[in-house]
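Enquirer:
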Amino acid sequence: MTEKADLTKKDSEKTLNEFIKIMTESLKAGDDIQLVGFGSFQVKKIATRERHNPQTDKVIRIPAANVPSFKAGKSLKEAVK
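All letters in the sequence shown, in the order written, are residues -17 to 63 by this note's numbering.
1. By DSSP's criteria, Lys40 is part of a beta bridge. Which residues make up the other side?
2. Quick check on the DSSP output: the beta strand (DSSP E) that includes Ala61 runs from which residue to which?
3. Which first and last residues belong to the beta strand (DSSP E) in which Lys26 is found?
4. When you compare the CB positions of Leu9 and Phe20, do they come within less than 8 angstroms of one another, or not?
5. Have a look at Ile42, Val18, His34, Gln37 and flag the residue whose alpha-carbon is nearest the alpha-carbon of Ser57.
6. By DSSP, does Leu9 sit in helix, in strand, or in coil?
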C-alpha cells in the first residue's frame, strides 16, 4: 500500500488504522458497509442455541451473539478466479 499510493509507511499505517476504526464503529452501530466492487460487511445475529458436549455428556447453552460477516463483490470474485 505504501508503494502503490506513494505514501510514507507511517501515513499508510495511520490511514489503514483509521479506516478499520471507522468500519468497526459503523458495524457496532448496526450499519452495513458496502465497498463497491470489493464487497460488503454487515453484522449478523446468531440466536441462542444448545449443543451437546461429548466429553461431559451435557447440553451446553450457547448465548446469542452478533458476528461480523463479509460477502465478496462481483469484481473481487472474478479477480480471484
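Just so it is clear, CB atoms sit at the ideal spot from N, CA and C, and this is done for glycine as well.
Expert: With the structure as the only source:
1. Asn35
2. That residue, Ala61, is in no beta strand (DSSP E); its alpha helix (DSSP H) goes 56 to 62.
3. 21 to 28
4. no
5. Val18
6. helix
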